[in-house]
Amino acid sequence: MRAMNFQKLLVPVGGIVLLALAWRSYGWAGVALTGGVIVMFLLLHFNRAMQVLKRAADRPVGYVASAVMLNAKLKQGVTLMHVIAMTRALGELRSPPDTQPELYRWTDTGGSYVDAVFNAGKLQSWQMTRPEAPAEEETQTPAN
Numbered sequence: 084m085r086a087m088n089f090q091k092l093l094v095p096v097g098g099i100v101l102l103a104l105a106w107r108s109y110g111w112a113g114v115a116l117t118g119g120v121i122v123m124f125l126l127l128h129f130n131r132a133m134q135v136l137k138r139a140a141d142r143p144v145g146y147v148a149s150a151v152m153l154n155a156k157l158k159q160g161v162t163l164m165h166v167i168a169m170t171r172a173l174g175e176l177r178s179p180p181d182t183q184p185e186l187y188r189w190t191d192t193g194g195s196y197v198d199a200v201f202n203a204g205k206l207q208s209w210q211m212t213r214p215e216a217p218a219e220e221e222t223q224t225p226a227n
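Everything in the sequence shown is counted per the working numbering, starting at 84 for the first residue and increasing by one.
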């Protein structure tokens with residue numbers, strides 16, 4: 084949990100340090116240029132998040148084309164936004180709201196599904212489940 088708090092502080096503190104260095108080196112012109120770069124960086128990330136969510140809005144919640152392919156592509160530590168971008172669908176929340184860790188499910192048309200556990204927005208573990216194959220009934224032809 085401490086690492087997460089450190090990461091939340093690193094970006095704003097880094098921005099302030101960059102602005103201070105720009106002020107020290109180039110005055111107001113440096114602050115304006117550095118501020119513009121920081122704003123552009125934030126706008127790019129905001130735009131990417133909106134595009135991912137826009138694509139996901141057009142698909143059913145918890146649907147994925149292939150659970151097997153999703154299972155193969157997942158890597159521990161990726162963000163929920165990255166998984167949503169891969170599946171192009173929001174996951175079906177299976178855990179109680181506003182609790183950690185969060186459990187999401189993506190299901191394909193064959194009934195296979197992937198349950199993914201996210202802690203603080205990062206993928207911790209996942210498990211793919213395939214439906215049991217129905218017992219095949221042997222068809223017997225009547226004797227003539």
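All C-beta atoms, glycine included, are put in the ideal place defined by N, C-alpha and C.
How is the beta strand (DSSP E) around residue i delimited, first residue to last?
i: Leu206; result: Lys205 to Thr212
i: Ala199; result: Tyr196 to Asn202
i: Arg188; result: Glu185 to Thr190
How big is the Cα-Cα spacing for residue i and residue j?
i: Asn202; j: Leu157; result: 15 Å
i: Met84; j: His128; result: For Met84, the predicted structure reports a pLDDT of 47, less than 50, and the residue's modelled location is therefore unreliable. A value from the coordinates is still provided. Rounded to whole angstroms, Met84 to His128 spans 24 Å at the Cα level.
i: Trp106; j: Gly160; result: 36 Å
i: Trp209; j: Met152; result: 13 Å
i: Gly110; j: Met123; result: 20 Å
i: Lys91; j: Ser149; result: 34 Å
i: Arg131; j: Val166; result: 13 Å
i: Gly98; j: Gly118; result: 9 Å
i: Leu176; j: Thr190; result: 12 Å
i: Gln207; j: Pro180; result: 18 Å
i: Gln183; j: Leu104; result: 39 Å
i: Gly145; j: Leu116; result: 43 Å
i: Lys137; j: Leu125; result: 18 Å
i: Val96; j: Met133; result: 25 Å
i: Val100; j: Ala139; result: 36 Å
i: Pro143; j: Glu215; result: 24 Å
i: Asn154; j: Thr192; result: 15 Å
In terms of residue numbering, what span does the alpha helix (DSSP H) encompassing residue i cover?
i: Ala112; result: Trp111 to Ala140
i: Thr170; result: Leu163 to Thr170
i: Leu173; result: Per DSSP, Leu173 belongs to no alpha helix (DSSP H) and is neither H nor E.
i: Leu153; result: Ala150 to Lys156
Using a threshold of 8 Å, state whether the C-beta atoms of residue i and residue j are closer than that.
i: Met211; j: Val197; result: yes
i: Ser178; j: Leu186; result: yes
i: Val120; j: Met164; result: no
Measure how close the beta-carbons of residue i and residue j come, nearest whole angstrom, since I'm counting them as under 8 Å.
i: Arg188; j: Gly204; result: The Cβ separation is near 17 Å, so there is no contact.
i: Val147; j: Ala172; result: 6 Å
i: Leu102; j: Val114; result: 6 Å
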